[in-house]
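Peer 1:
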Amino acid sequence: MQFKHPEILWALALLIIPILIHFFQLRRFKKTPFTNVAMLQKVTMESRKSNTLKKWLLLVTRCLLVAALVFAFAQPFTAQESALLQKETVVYLDDSFSMQAKSNGLSLFEKSVQDLIKYSDEEQVFSLFTNTLTFTDVTIKDIQNRLLELPNTPRQLSLEDIQLKAETLFSDSPSSEKNLIVLSDFQNTLGDAEFEQGKNFNFHGVQMTPKTTANVSIDSVYLENNNSQQERLKVYVSGISEAEAIPLSLYNGDTLIAKSAITFGESSNTEVEFSIPGNEAIDGLLQITDNSLSYDNQFFFNIDERPKIRVLAVSEDEGDYLKRLFTEDEFALSIYTLDQLDYSLLDNQNVVILDDLVNIPEGLNRILISFKEAGGTLIVIPSAQGDFSMYNPLVSNFFGTFFLEQVPVETRISKISFDHPIYRNVFENRVDNFQFPHAKSHFRVQSRAPNIISFEGDDAFLLGDDGFYLFTSSLERSVSNFKNSPLIVPTFYNMALSGLQVPQLYQTLGTTSFIDVPVQLGNDDVLNVGHETMQFIPLQKSFSNKVRLYFDEEPKISGIFEIKTESEVLSKISFNYPRTESKLSYLDIDNINAMESKDSMASLFQYLDEKSSVASYWKWFVIFALLLALIEVIIQKFVT
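Here the sequence shown stands for residues 935 to 1574, where the numbers follow my numbering.
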């Protein structure tokens, strides 16, 4: 037992007062003559016995009465040791898209908010954070309206992020009890199932569980050219469905242009194909009806008239292989010999190819360096003839590249960098048994640029990045059979695409990306990106013949956005939420290290209240004192 005012216990010394009264008779007696001595002796003996009993009863009663009053004023109580500490509470409320899953007609997020409002102490001060917002030192009354209006977000903090964020919201006081409450569905996207032990705060978790884990998601779309009149739009869908068939609708703007049904066999993935008009702009929206997560029921894409990428090749032959690679539907190819080349043409090009030149004039070097710095793509294919060192004044400006020596030995190409942007998404699987081409001779170079294709022995055959690409061997058929390899098509195609990053069918929110808009702006002009509900100015960089737009934190919502100047819409770009939370699979909260789990918010708050509760006994001591006072009155009146 503990006391709120232990100093009052010194008042127990007052017990000496009834004891002194008992042992010292302070009354004075008056003598009265009485003739019957025998009778007097009998009365005196009986009176002494009765008085002695009464005095002892009064003494005990009064001592207990004084003690009860002293204890009542000292306010005794019992409690756990932690109940006496100052409390700090931080709540993590998961507002990610997976919390859209339903439970008894409500989304898990709505139920979490309602339970938090219902069971929180209205006067308790705490801090709360979600995946995007933070509320510091507030009561539930202060933020309940904000919480009820919060939308779900594509962001998801990991368990480690949650722990680190909570640390910043707790004080540094070592004398307070710190509790972190995690309200989440604990989807697998939270990461490793553990918190770091040894932290100076307690972890409490409540796992919100949906009624069903079935969910269907539109994962991606792909456009496949069929002929000039029609194109095939392939839609990839994944998930688990409780319905036999799910309707899938394709809209162009607000107009329904096609409809199909999604059925799953034994696999959890399926593909739906639509036929759409070729060479026609489409503001596409794919939509399904699914009663689980709603964020992945829509998928935006757009097909605009793609600007042709302007490719200029400087070559001493006719460049027939380049004509086959760069077709007229996507590229505007022009080929000049060195003598025919008008240097002023380079300003309006996206890609410049130096093909098998035996000499590069100094003036052309300077213009090519400026061209590359202005955002153009430069591809250098050396000649097996002539002095290789004449390339160094040009290539040394990019990644510190130098030609060192010629290796006149036939060498087989043996390695492809599948992770390089040139080959990303080109191969479905990493190929080991590929029929690699070879070269009868090549140049050994020194460069900080990454190897894209390598010879046996790790010498580079093709290296480069960020708009600079260098072959270390001539592509003439007498030197190399690379022109006969199927690898040449994606290699040159993707290198040329880097010259003008036109918008793809769609982009994914939250990932860093950039696109090029072929427009010339004034010094003070900028491009805006607009949507029905929002507008923003992205980070951008102007070049002589294009503007490069960078996307990272913005936008935050999915949809089709217009890229425009103050007076003109130039193109469009589509954004979709990442599908990382569409698969409803969860961590086992009971296996999360150092976390104390509860099955509901009510049981968690009841548990915390019990840990903080204090059992007070002063009222019982007051009642006991009143009873003792009543007993003393009874003794005085009825005990003789």
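The beta-carbon is built from N, C-alpha and C at its ideal position, and this holds for glycine as well.
On the three-state DSSP scale, how would you describe isoleucine 1301?
Peer 2: If you number the sequence shown from 1, residue 1301 lands on position 367. The answer is helix: DSSP assigns isoleucine 1301 an H, G or I state.
Peer 1: Determine contact between the segment 1460 to 1476 and the segment 1525 to 1540, defined as no fewer than three beta-carbon pairs at a distance below 8 Å.
Peer 2: Counting Cβ pairs under 8 Å, fewer than three are found: no touch.
Peer 1: Hey, could you find the ends of the beta strand (DSSP E) isoleucine 1315 is sitting in?
Peer 2: Numbered from 1 along the sequence shown, position 381 holds the residue referred to as residue 1315. Element bounds for isoleucine 1315: 1311 to 1316.
Peer 1: Could you tell me whether the Cβ atoms of phenylalanine 1509 and glutamine 1441 are closer together than 7 Å?
Peer 2: In the sequence shown, residue 1509 corresponds to position 575, counting from 1. In the sequence shown, residue 1441 corresponds to position 507, counting from 1. In contact: phenylalanine 1509 and glutamine 1441 (Cβ atoms closer than 7 Å).
Peer 1: Which first and last residues belong to the alpha helix (DSSP H) in which methionine 1429 is found?
Peer 2: On the sequence shown, residue 1429 is found 495 positions in, with the first residue counted as 1. Its alpha helix (DSSP H) spans residues 1422 to 1431.
Peer 1: Output the boundary residues of the beta strand (DSSP E) element that contains serine 1080.
Peer 2: If you number the sequence shown from 1, residue 1080 lands on position 146. Sequence inspection shows arginine at residue 1080; the serine mentioned does not correspond to that position. Segment 1074 to 1083 is the alpha helix (DSSP H) holding arginine 1080; no beta strand (DSSP E) there.
Peer 1: How would you label leucine 1328, buried or exposed, when you count the other beta carbons within 10 angstroms and need 16 or more for buried?
Peer 2: For this step, residue 1328 is matched to residue 394 along the sequence shown. Leucine 1328 is buried by the Cβ-count criterion.
Peer 1: Quick check on DSSP: helix, strand or coil for alanine 1528?
Peer 2: Position 594 of the sequence shown, counted from the start, is the residue given in the question as residue 1528. In this structure, alanine 1528 counts as coil in the three-state DSSP scheme.
Peer 1: Would you call the segment 1313 to 1332 and the segment 1284 to 1302 in contact, with 3 or more CB pairs under 8 Å?
Peer 2: Segments in contact, yes.
Peer 1: Keeping to the same chain, check which residues put their C-beta closer than 7 Å to that of phenylalanine 1235; ignore five residues upstream and five downstream.
Peer 2: Counted from its first residue, the sequence shown places residue 1235 at position 301. Same-chain partners within the cutoff: Val1155, Gly1218, Leu1439, Tyr1440, Ser1508.
Peer 1: Shortest alpha-carbon distance to phenylalanine 1043 belongs to which of Val1379, Ser1228, Phe1361?
Peer 2: Taking the sequence shown and counting its residues from 1, one reaches residue 1043 at position 109. Nearest of Val1379, Ser1228, Phe1361 to phenylalanine 1043, Cα basis: Ser1228.
Peer 1: Could you say which of Lys989, Ser1092, Asn1113 lies nearest to lysine 1021 if we only look at CA atoms?
Peer 2: Against the sequence shown, residue 1021 aligns to sequence position 87. Among Lys989, Ser1092, Asn1113, the Cα nearest to that of lysine 1021 is on Asn1113.
Peer 1: With which residues is aspartate 1399 paired in a DSSP beta bridge?
Peer 2: As a working note, residue 1399 is residue 465 in the sequence shown. In DSSP, aspartate 1399 forms a bridge with Phe1402.
Peer 1: Assign arginine 1358 to one of three DSSP states: helix, strand, or coil.
Peer 2: For the purposes of this step, residue 1358 is taken as the residue at position 424 of the sequence shown. If DSSP states are grouped into helix, strand and coil, arginine 1358 belongs with coil.
Peer 1: Can you tell me whether aspartate 1525 is buried or exposed? The criterion is at least 16 other CB atoms within 10 Å of its CB, across all chains shown.
Peer 2: Taking the sequence shown and counting its residues from 1, the one referred to as residue 1525 is at position 591. Here residue 1525 turns out to be asparagine, not aspartate, going by the sequence shown. The residue is exposed, with fewer than 16 neighbouring Cβ atoms inside 10 Å.
Peer 1: Alpha carbon to alpha carbon, how far is lysine 1506 from asparagine 1086? Give it in angstroms, no decimals.
Peer 2: Counting from 1 along the sequence shown, the entry for residue 1086 is found at position 152. Counting from 1 along the sequence shown, the entry for residue 1506 is found at position 572. Cα to Cα, asparagine 1086 sits roughly 26 Å from lysine 1506.
Peer 1: Nearest CA to the CA of leucine 1082: which residue from Ile1210, Ser1046, Thr1068, Lys1099?
Peer 2: One-based indexing of the sequence shown puts residue 1082 at position 148. Selected option, being the one with the closest Cα: Ser1046.
Peer 1: Can you give the beta carbon distance from valine 1206 to valine 1248, rounded, assuming they're within the 8 Å contact cut?
Peer 2: One-based indexing of the sequence shown puts residue 1206 at position 272. One-based indexing of the sequence shown puts residue 1248 at position 314. Not really, about 46 Å apart at Cβ, beyond 8 Å.
Peer 1: For alanine 1373, does the three-state DSSP call read helix, strand or coil?
Peer 2: Taking the sequence shown and counting its residues from 1, one reaches residue 1373 at position 439. In the structure shown, alanine 1373 sits in a strand (DSSP, three-state: E or B).
Peer 1: Do serine 1478 and alanine 1308 have their C-beta atoms closer together than 7 Å?
Peer 2: Here residue 1478 corresponds to residue number 544 of the sequence shown, with the count starting at 1. Here residue 1308 corresponds to residue number 374 of the sequence shown, with the count starting at 1. Contact: yes.
Peer 1: Taking Cβ to Cβ, would you say threonine 1406 is nearer than 7 Å to phenylalanine 1377?
Peer 2: Within the sequence shown, the letter at position 472 stands for residue 1406. Within the sequence shown, the letter at position 443 stands for residue 1377. Yes.
Peer 1: Closest to asparagine 1149 by CA distance: which of Asn1203, Ser1107, Asn1136 is it?
Peer 2: Indexing the sequence shown from 1 puts residue 1149 at position 215. Nearest option by C-alpha distance: Asn1203.
Peer 1: According to DSSP, simplified to helix, strand and coil, what is lysine 1517?
Peer 2: By 1-based counting over the sequence shown, the position of residue 1517 is 583. Of the three classes helix, strand and coil, the one that applies to lysine 1517 here is coil, per DSSP.
Peer 1: Is alanine 1148 helix, strand or coil by DSSP?
Peer 2: Translated into positions along the sequence shown, residue 1148 becomes position 214. Looking at alanine 1148 - three-state DSSP - the assignment turns out to be coil, as it is neither helix nor strand.
Peer 1: Is the beta carbon of alanine 1536 closer than 7 Å to that of phenylalanine 1137?
Peer 2: Locating residue 1137 in the sequence shown gives position 203, where the first residue counts as 1. Locating residue 1536 in the sequence shown gives position 602, where the first residue counts as 1. Not closer than 7 Å, so no.
Peer 1: Quick check on the burial criterion: 16 or more other C-beta atoms within 10 angstroms. Buried or exposed for threonine 1023?
Peer 2: As a working note, residue 1023 is residue 89 in the sequence shown. Buried: at least 16 other Cβ atoms inside 10 Å.
Peer 1: Mapping DSSP to helix, strand and coil, what is aspartate 1486?
Peer 2: The residue given as residue 1486 occupies position 552 in the sequence shown. It is coil, neither helix nor strand.
Peer 1: Between the Cα of glycine 1173 and the Cα atoms of Ala1266, Glu1200, Leu1190, Ala1563, which residue gives the shortest distance?
Peer 2: Sequence index remark: in the sequence shown, residue 1173 carries index 239 (1-based). When only C-alpha atoms are compared, the closest one is Glu1200.
Peer 1: Which residue marks the beginning of the beta strand (DSSP E) containing serine 1046, and which one marks its end?
Peer 2: Taking the first residue of the sequence shown as 1, we reach residue 1046 at position 112. Taken as a continuous stretch (DSSP letters only), serine 1046 belongs to no beta strand (DSSP E), being part of the alpha helix (DSSP H) at 1042 to 1053.
Peer 1: Using 8 Å as the cut-off, can you tell me whether the segment 1094 to 1102 makes contact with the segment 993 to 1013, which would need three or more C-beta pairs spanning the two stretches below that distance?
Peer 2: Segments in contact, no.
Peer 1: Tell me the rounded alpha-carbon separation between asparagine 1428 and tyrosine 1357.
Peer 2: For the purposes of this step, residue 1428 is taken as residue 494 along the sequence shown, with counting starting at 1. For the purposes of this step, residue 1357 is taken as residue 423 along the sequence shown, with counting starting at 1. Straight-line Cα distance between these residues: approximately 8 Å.
Peer 1: So is leucine 960 buried or exposed if we call it buried at 16+ other beta carbons inside 10 Å?
Peer 2: By 1-based counting over the sequence shown, the position of residue 960 is 26. Bear in mind that a pLDDT of 47 at leucine 960, under 50, signals an unreliable position, so the number given afterwards is only what the model happens to contain. That one is exposed.
Peer 1: Would you kindly check if the distance between the Cβ of leucine 1455 and the Cβ of serine 1476 is under 7 Å?
Peer 2: One-based indexing of the sequence shown puts residue 1476 at position 542. One-based indexing of the sequence shown puts residue 1455 at position 521. Yes, the pair counts as a contact, with Cβ atoms nearer than the cut-off.
Peer 1: By a C-beta neighbour count over all protein chains shown, 10 Å radius and 16 as the cutoff for buried, is arginine 1411 buried or exposed?
Peer 2: Translated into the one-based positions of the sequence shown, residue 1411 becomes position 477. Under this definition arginine 1411 is an exposed residue.
Peer 1: Roughly how many angstroms lie between the CA atoms of serine 1323 and phenylalanine 1337, to the nearest whole one?
Peer 2: Working through the sequence shown from its first residue, we reach residue 1323 at position 389. Working through the sequence shown from its first residue, we reach residue 1337 at position 403. About 6 Å.
Peer 1: Would you call tyrosine 1484 buried or exposed, if buried means 16 or more other Cβ atoms sit within 10 Å of its Cβ?
Peer 2: For the purposes of this step, residue 1484 is taken as residue 550 along the sequence shown, with counting starting at 1. Tyrosine 1484 comes out exposed.
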